[in-house]
Amino acid sequence: MSPLKASEAQLFYANLLNRLTLFSFALLIIAFAIYLSGILSSYVPMQDIIQLWTESSHHYMQTANIKPGWDWVGKVGYGDFLVYVPIVILAGVTIVCYIGVIFKFLKSREYILVVIASLEVLVLLAAASGVLKSGGH
Numbered sequence: 001m002s003p004l005k006a007s008e009a010q011l012f013y014a015n016l017l018n019r020l021t022l023f024s025f026a027l028l029i030i031a032f033a034i035y036l037s038g039i040l041s042s043y044v045p046m047q048d049i050i051q052l053w054t055e056s057s058h059h060y061m062q063t064a065n066i067k068p069g070w071d072w073v074g075k076v077g078y079g080d081f082l083v084y085v086p087i088v089i090l091a092g093v094t095i096v097c098y099i100g101v102i103f104k105f106l107k108s109r110e111y112i113l114v115v116i117a118s119l120e121v122l123v124l125l126a127a128a129s130g131v132l133k134s135g136g137h
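Just so we're aligned, residue 1 is where the sequence shown starts under full-length UniProt numbering, counting upward by one.
Rendered as structure tokens:
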């Protein structure tokens with residue numbers, strides 16, 4: 001029984017995924033340290049957060065005057081919202097990896113895989129943008 005060998009595209013995807021995931025995680029640790037240190041002020045004061053932890057997310061957002069969706073982008077100057085940036089980067093890693101692998105498929109002339117990966121990118125971008133308005137959001 002011969003061992004399976006990963007394709008160039010699979011190795012590229014895995015290596016890129018590994019690097020971007022580690023980068024995102026490092027950014028998350030840095031952003032969280034900034035939040036905990038108080039270098040940036042919090043949008044929601046710590047004493048309020050502790051009290052709001054026992055409430056539903058809907059109540060928390062209403063009380064803190066936070067709108068659902070991409071409203072957080074305008075609040076990244078606050079320590080408690082800065083941590084969203086690495087989370088979003090981490091969530092987008094798969095999209096970046098798919099885009100990268102599309103070029104590998106083009107190079108190897110695997111056009112059906114180019115189409116499949118391109119459609120996957122479009123679906124992920126549509127889902128991330130909130131255009132689909134599905135799920136619990």
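Heads up, the beta-carbon is just placed ideally off N, CA and C, and yes, glycines get one too.
Measuring alpha carbon to alpha carbon, tell me which of I50, A33, I87 and I49 ends up nearest F23. Looking at the Cα atoms, I87 is the closest of the given residues.
Separation of G92 from H137, as counted between CA atoms: Unreliable placement is indicated for H137, whose pLDDT of 48 sits below 50; no coordinate value is reported for it.
Out of K5, N15 and L4, which one is the CA nearest neighbour of V96? N15
My understanding is that G79 touches S42, with C-beta atoms under 8 Å, so please give their C-beta distance in whole angstroms. 5 Å
If you draw a straight line from the C-alpha of E8 to the C-alpha of E110, how long is it? Going from the Cα of E8 to the Cα of E110 covers about 12 Å.
Report buried or exposed for L106, applying the criterion of at least 16 other Cβ atoms within 10 angstroms of its Cβ. exposed
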